[in-house]
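Q: One structure, as structure tokens, below. Some questions next.
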Amino acid sequence: MSETYPDALHLPPPGLNFISVVQPSLGILIAALTGTAILVPLWVILFFFSTKQLRRKPIFIMNVISIMLGVTLGISTTYIMYQEITNPQSSFGHVMPACQCLITITPSFVESILLFRLLAVYPYHATSSCVFISIFFPLICIKIARVVSVAMFVYHFVVVYDEAASPFNALQVVWLNQIHFLKIEYLLQVIDNT
1 MSETYPDALH
11 LPPPGLNFIS
21 VVQPSLGILI
31 AALTGTAILV
41 PLWVILFFFS
51 TKQLRRKPIF
61 IMNVISIMLG
71 VTLGISTTYI
81 MYQEITNPQS
91 SFGHVMPACQ
101 CLITITPSFV
111 ESILLFRLLA
121 VYPYHATSSC
131 VFISIFFPLI
141 CIKIARVVSV
151 AMFVYHFVVV
161 YDEAASPFNA
171 LQVVWLNQIH
181 FLKIEYLLQV
191 IDNT
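Taking the UniProt record's numbering, the leading residue of the sequence shown gets 1, the next gets one more, and so forth.
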């Protein structure tokens, strides 16, 4: 005995999806592609205008690593959002939590470059201990607080991700329920950048 439900929602054919699923993923996909496209010429320019001597400095190496992190993040986000649009039931295993870690840790790493530039202006050997501590102690405390806040957010994301139907659903649930971790991170980011 089979029952038919005339009002039942039929899944679209493979390769197609509902607009409610496509719309948020498409916006993130476009932003990821745009950000990645900006980083590629920046990487080329960085190498073109640098000298061999400058390429050995830690600041240059950190800049190259940050650009490579951005490109990796852009490519992985584009791939995940593409899969979310074309195959929303696909599972990404540990790729999505790793990508989420990359999304949340990359800004702290990039802004640490500014800390090293500040260290070049106020080197330990040429700055009094009182001034050095008053400059760097608050910055290091803020960096530690940011890492803790991001770690808590990623932990909650991984817990929800294991139970969610799709990676995008997990991100939406965590975004709505654990937003206070991100608000703390953004507040600390503003303080860190001033």
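Every residue gets a Cβ at the ideal spot worked out from N, C-alpha and C, and that includes glycine.
On a CA-only basis, which of 179, 78, 73 is nearest residue 106? Give me that one, please.
A: Counted from its first residue, the sequence shown places residue 106 at position 106. Of the listed residues, the one whose Cα sits closest to residue 106 is 73.
Q: Which parts of the region 34-91 are runs of the alpha helix (DSSP H), unbroken and 4 residues or longer, counting only runs that do not cross its ends?
A: Runs found: 58-86.
Q: Given this structure, state the Cα-to-Cα distance separating residue 87 from residue 50, to the nearest angstrom.
A: Within the sequence shown, numbered from 1, the residue matching residue 87 stands at position 87. Within the sequence shown, numbered from 1, the residue matching residue 50 stands at position 50. If you take the alpha carbons of residue 87 and residue 50, they lie about 43 Å apart.
Q: Would you mind reading off the limits of the alpha helix (DSSP H) that contains residue 194?
A: Residue numbering aside, residue 194 sits at position 194 when the sequence shown is read from its first letter. Careful: residue 194 lies outside any alpha helix (DSSP H) and carries neither H nor E.
Q: How many Å lie between residue 130 and residue 95 at the Cα?
A: Position 130 of the sequence shown, counting from 1, holds the residue named residue 130. Position 95 of the sequence shown, counting from 1, holds the residue named residue 95. About 45 Å.
Q: Can you list, in chain order, the residues of its chain with a C-beta nearer than 8 Å to that of residue 42? Leave out the 5 residues immediately preceding and following it.
A: Taking the sequence shown and counting its residues from 1, one reaches residue 42 at position 42. These residues qualify, in order along the chain: 67.
Q: CB residue 154 to CB residue 100, shorter than 8 Å?
A: Within the sequence shown, the letter at position 154 stands for residue 154. Within the sequence shown, the letter at position 100 stands for residue 100. Yes, the pair counts as a contact, with Cβ atoms nearer than the cut-off.
Q: Enumerate in chain order the residues of its own chain whose CB-to-CB distance from residue 8 is below 8 Å, with the five nearest sequence positions on each side excluded.
A: Within the sequence shown, the letter at position 8 stands for residue 8. Note on residue 8: pLDDT 49, under 50, position unreliable in the model; no value is reported.
Q: To the nearest angstrom, how far is it from the Cα of residue 180 to the Cα of residue 174?
A: Along the sequence shown, read from residue 1 onward, the residue named residue 180 stands at position 180. Along the sequence shown, read from residue 1 onward, the residue named residue 174 stands at position 174. Between residue 180 and residue 174, the C-alpha separation is close to 10 Å.
Q: Beta-carbon within less than 8 Å of residue 185's beta-carbon, same chain only, minus the 5 sequence neighbours each way: which residues are those?
A: As a position in the sequence shown, residue 185 is number 185, starting the count at 1. So the qualifying residues of the chain are 104, 146, 149, 150, 153.
Q: Given this structure, state the Cα-to-Cα distance separating residue 162 from residue 79, to the nearest angstrom.
A: Numbered from its first residue, the sequence shown carries residue 162 at position 162. Numbered from its first residue, the sequence shown carries residue 79 at position 79. Rounded to the nearest angstrom, the two C-alpha atoms are 20 Å apart.
Q: Between which two residues does the alpha helix (DSSP H) carrying residue 161 extend?
A: The sequence position of residue 161 within the sequence shown is 161, counting from 1. Segment 129-163, the alpha helix (DSSP H) holding residue 161.
Q: Classify residue 157: buried if its beta carbon has 16 or more other beta carbons within 10 angstroms, exposed otherwise.
A: If you number the sequence shown from 1, residue 157 lands on position 157. Buried: at least 16 other Cβ atoms inside 10 Å.
Q: Assuming residue 29 contacts residue 81 (C-beta within less than 8 Å), just tell me the rounded distance between them.
A: On the sequence shown, residue 29 is found 29 positions in, with the first residue counted as 1. On the sequence shown, residue 81 is found 81 positions in, with the first residue counted as 1. Yes, they are in contact, since the Cβ atoms of residue 29 and residue 81 sit about 4 Å apart, within 8 Å.
Q: With distances taken Cα to Cα, identify the nearest neighbour of residue 26 among 137, 119, 77, 194.
A: Counted from its first residue, the sequence shown places residue 26 at position 26. It is 77 whose Cα lies nearest to the Cα of residue 26.
Q: How is residue 8 classed by DSSP in three states: helix, strand or coil?
A: Residue mapping note: residue 8 aligns to position 8 of the sequence shown, counting from 1. Interpretation of residue 8 is limited by its pLDDT of 49, a score under 50 that renders its predicted location unreliable; the figure taken from the coordinates is listed afterwards. Correct three-state label for residue 8: coil.
Q: Thinking C-beta only, is residue 69 closer than 8 Å to residue 114?
A: By one-based count along the sequence shown, residue 114 stands at place 114. By one-based count along the sequence shown, residue 69 stands at place 69. Contact flag unset, no.
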